[in-house]
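Sequential numbering from 1 applies to the sequence shown in full-length UniProt numbering. Let me begin by presenting the structure, written as structure tokens, before commenting on it.
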Amino acid sequence: MTTPAGNAYPEIPGTGAGDTEELSDLVAAMMKNPAGRIIIGAVTSIASAITQGVSSTLSGLAQWAARLRGDVDRHENDLIAISDEQAAMNELLVDLAEIAATDQVTPLWAADSDDLTTFPRSQWVPITAASTGSESAGSGGSSTLHSHRIPTERQYLRPQADTFNATGSVYYTPIVADRRGVPTKMSIIAGGESGVFDIDAFFLGLGVYDPDNQMVMKVWDSGNIRNALPSTMQEFEVTTGLAVAATNEIVPGQLLFAMHLQHAPGLVQSTRKFAWIEQAGIARPSSRLVRGTYYRAPGQATLPNAYPLAQLAMSTNGIPWHGLHLEQVPS
């Protein structure tokens with residue numbers, strides 16, 4: 001813009017194009033949140049009122065004061081509305097937190113998100129097997145070369161079975177329930193080794209400890225599933241057939257037992273191995289209900305319907321792996 005004489009008006013410091021753009025960006029940024037809009041509105045009202053007041057009469061100044069008072073009241077109401085909205089949002093967040101706390105899931109490094117397990121899958125890692133080494137002389141006999149091989153192998157257990165008898169030890173592995181649900185599937189990591197000298201029988205089952213009679217009561221039995229076993233070692237699951245109903249629902253705090261039995265009566269037969277992890281062999285104090293990592297009932301032809309917990313043989317050298325898949329009872 002130029003003067004009537006054709007000369008350019010001197011630029012006022014702080015109002016150049018760059019400064020104007022920065023001010024515009026700042027105003028736009030402030031308009032993106034409620035508090036910023038209130039501040040911009042107040043400043044605009046005050047600036048407009050001052051401009052009018054300078055060129056108006058005392059009556060105009062009085063009108064400006066009244067408008068300013070109205071603007072202050074309006075912006076105060078806006079702040080109250082924002083505060084009420086934030087309080088409502090906080091109340092909603094509290095409700096969501098309460099809902100989330102009523103449900104429990106299993107981390108994927110332990111098992112599927114709806115499973116209970118005897119130990120996390122991530123702990124089942126290979127261990128060092130017998131190492132080998134070799135040594136050879138270098139050229140000219142001035143030095144020697146060494147090589148070492150440290151192989152690893154999976155951790156597994158071969159259940160005890162009785163030779164010449166269709167009996168064996170029933171393995172009881174404890175699982176403490178930490179949520180509600182119906183156990184519709186049981187998982188185990190086993191398989192392989194099938195052939196002429198394969199096992200005769202393979203049983204899975206589920207028991208629950210009854211504090212009233214201090215017995216482990218069987219609630220599900222797979223029957224002999226030898227022919228359903230996979231040909232290679234892998235995780236597989238067996239459907240329990242339990243109806244998803246309140247009568248079959250486990251509740252937090254119940255002491256469950258995964259049950260397992262194999263028959264291998266032949267002289268050259270051996271039981272099928274299944275996944276487990278080794279433990280330090282230290283029992284828990286005698287004051288505890290569950291002192292061992294697993295238990296055994298020897299000489300059993302089938303999974304017992306009931307067995308006294310105190311009469312089970314306690315072991316502390318490892319933990320067999322089992323998983324229980326739970327389904328929620330519809331409300």
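Just so you know, even glycine gets a beta-carbon here, dropped at the ideal spot from N, CA and C. Values in this document were obtained by computation on a predicted structure and should not be read as measured data.
Residue j and residue i - do their beta-carbons sit closer together than 8 Å?
i      : j      : result
Ala161 : Gln262 : yes
Ala306 : Val170 : no
Tyr156 : Phe257 : no
Val329 : Val244 : yes
Leu206 : Val219 : yes
Gly168 : Gln300 : yes
Leu303 : Phe203 : yes
Met186 : Val238 : yes
Arg272 : Ala190 : yes
Phe164 : Pro265 : yes
Ile277 : Phe236 : no
Ser315 : Tyr294 : yes
Quick one: measure Cβ to Cβ for residue i and residue j, integer angstroms, because I've assumed they're closer than 8 Å.
i      : j      : result
Thr240 : Pro183 : 6 Å
Leu255 : Tyr209 : 4 Å
Arg158 : Ile199 : Going by Cβ atoms, the distance from Arg158 to Ile199 rounds to 11 Å, so no, they are not a contact pair.
Leu324 : Asp115 : 6 Å
Ala275 : Trp321 : 4 Å
Gln214 : Ala310 : 7 Å
By the three-class DSSP mapping on this structure, what secondary structure does residue i have?
i      : result
Asp114 : coil
Ile175 : strand
Ile82  : helix
Ala264 : coil
Gln300 : strand
Ser122 : helix
Ala258 : strand
Thr239 : strand
Gln328 : coil
Gly181 : strand
Ala161 : strand
Asp221 : strand
Gly323 : strand
Gly70  : helix
Gln63  : helix
Arg154 : coil
Thr232 : coil
Let's test the definition: count the other Cβ atoms within 10 Å of the Cβ of residue i and tell me whether it reaches 16, buried, or not, exposed.
i           : result
Ser222      : buried
Pro126      : exposed
Ser286      : exposed
Phe119      : buried
Ser147      : exposed
Ile282      : exposed
Leu289      : exposed
Ala97       : Low confidence applies here, because Ala97 scores a pLDDT of 48, under 50, leaving its location unreliable and the question unanswered by this model.
Asp73       : exposed
Ala81       : exposed
Pro308      : exposed
residue 360 : A query on residue 360 cannot be resolved here, the shown segment of the chain reaching from 1 to 331 and no further.
Gly318      : buried
Over what stretch of residues does the beta strand (DSSP E) that includes residue i continue unbroken?
i           : result
Asp210      : 201-210
residue 335 : The structure shown does not extend to residue 335, since the chain is modelled only from 1 to 331, so the question has no answer here.
Pro308      : 306-308
Ala313      : 313-315
Val290      : Here Val290 belongs to no beta strand (DSSP E), and DSSP marks it neither H nor E.
Gly318      : 318-320
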